[in-house]
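Take a look at the structure set out below.
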Amino acid sequence: MDSASLRRAFSRFATGITVVTTRNEEGTACGVTINSFSSLSLEPALVQFNLRKESILRDFIETHGFFGVNVLNANQSHLSDRFALSDKSAKMDDIPLRESTFGLPIFSDALAVYECRWKKNYDGGDHVIVLGEVENLHLGSGAPLLYYESRYARLEQTE
Numbered sequence: 336m337d338s339a340s341l342r343r344a345f346s347r348f349a350t351g352i353t354v355v356t357t358r359n360e361e362g363t364a365c366g367v368t369i370n371s372f373s374s375l376s377l378e379p380a381l382v383q384f385n386l387r388k389e390s391i392l393r394d395f396i397e398t399h400g401f402f403g404v405n406v407l408n409a410n411q412s413h414l415s416d417r418f419a420l421s422d423k424s425a426k427m428d429d430i431p432l433r434e435s436t437f438g439l440p441i442f443s444d445a446l447a448v449y450e451c452r453w454k455k456n457y458d459g460g461d462h463v464i465v466l467g468e469v470e471n472l473h474l475g476s477g478a479p480l481l482y483y484e485s486r487y488a489r490l491e492q493t494e
């Protein structure tokens, strides 16, 4: 099995798109696009996602102690693209934001936002698995932004 085939096989699993946000040491808002986000437990309320080991956001999350998970709506593919780039800071000037209870930059028009306390990182090969406890949440409305076969997709409503 080669890595290209594995990547193609992984792309056949449709996912939602999130942007994980926090603040760096200077207090600047920063974020990264994540499609590996998932719920883990209801009691306690735990979530998880994966970050590349070399991601600078990993250090920022550990230092700040909190992170936000912004679930993108179907009209926010531009935000997914923006935060998928390698430079993660100074990209939030033109985004409608509000400050969360824990000082996190969160998207005003996200489908949902989870404010999380960082719990622990686990080794996951070339990634780390980030575990967080949900301390607060915000619910929006609309259709989700999806990713399937390396492209954005929309949810088709059926009866």
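To convert, count from 1 in the sequence shown and add 335; that's our numbering.
Ideal Cβ placement from N, Cα and C applies to all residues, glycine included.
This one's a predicted model, so the numbers in the text were calculated from it and none came from an experiment.
Assign N410 to one of two classes, buried (16 or more other C-beta atoms within 10 Å of its C-beta) or exposed (fewer than that).
-> As a working note, residue 410 is residue 75 in the sequence shown. Burial call: exposed.
In angstroms, rounded to a whole number, what distance separates the CA positions of N471 and S412?
-> Position 136 of the sequence shown holds residue 471. Position 77 of the sequence shown holds residue 412. Rounded to the nearest angstrom, the two C-alpha atoms are 25 Å apart.
Alpha carbon to alpha carbon, how far is R486 from N385? Give it in angstroms, no decimals.
-> Taking the sequence shown and counting its residues from 1, one reaches residue 385 at position 50. Taking the sequence shown and counting its residues from 1, one reaches residue 486 at position 151. Distance between the alpha carbons of N385 and R486 is about 20 Å.
Residue interval of the beta strand (DSSP E) (run including F402) = Position 67 of the sequence shown, counted from the start, is the residue given in the question as residue 402. Where F402 is concerned, the enclosing beta strand (DSSP E) stretches over 401-406.
Other residues of its chain near A339: CB distance less than 6 Å, five sequence neighbours each side excluded | Position 4 of the sequence shown, counting from 1, holds the residue named residue 339. Hits under 6 Å: none found.
Count the other CB atoms, across all protein chains shown, that sit within 10 Å of the CB of M336; report buried if there are 16 or more and exposed otherwise.
-> In the sequence shown, residue 336 corresponds to position 1, counting from 1. Looking at its Cβ environment, which holds fewer than 16 other Cβ atoms inside 10 Å, M336 is exposed.
Alpha-carbon to alpha-carbon, A488 and N405 = Here residue 405 is taken as the residue at index 70 of the sequence shown, counted from 1. Here residue 488 is taken as the residue at index 153 of the sequence shown, counted from 1. Computed Cα separation, rounded: 18 Å.
Which residue from S376, I464, V465, A447 puts its Cα closest to that of L480?
-> Translated into the one-based positions of the sequence shown, residue 480 becomes position 145. For the residues S376, I464, V465, A447, the minimum Cα distance to L480 belongs to A447.
Between A425 and the rest of its own chain, which residues show a CB-CB distance below 6 Å, the 5 nearest in sequence each way excluded?
-> Here residue 425 refers to the residue found at position 90 when the sequence shown is read from its first residue. Annotation note: pLDDT 48 at A425 (below 50); position unreliable, coordinate value reported separately. No residues qualify anywhere along the chain.
Whole-angstrom Cβ separation of F402 and T357, contact assumed at under 8 Å?
-> In the sequence shown, the residue the question calls residue 402 occupies position 67. In the sequence shown, the residue the question calls residue 357 occupies position 22. F402 to T357, Cβ: 5 Å. Contact.
If I'm right that S443 touches L432 with Cβ under 8 Å, what's the distance once you round it to whole angstroms?
-> The count along the sequence shown starts at 1 and reaches residue 443 at position 108. The count along the sequence shown starts at 1 and reaches residue 432 at position 97. The Cβ separation is near 6 Å, so the contact holds.
Whose C-beta lies closer than 6 Å to the C-beta of A445 among residues of the same chain, with five residues either side of it excluded?
-> By 1-based counting over the sequence shown, the position of residue 445 is 110. Once the five neighbours on either side are set aside, the close Cβ partners of A445 are N405, V406, G475.
CB I352 to CB Y482, shorter than 7 Å?
-> By one-based count along the sequence shown, residue 352 stands at place 17. By one-based count along the sequence shown, residue 482 stands at place 147. Yes, they are a contact pair.
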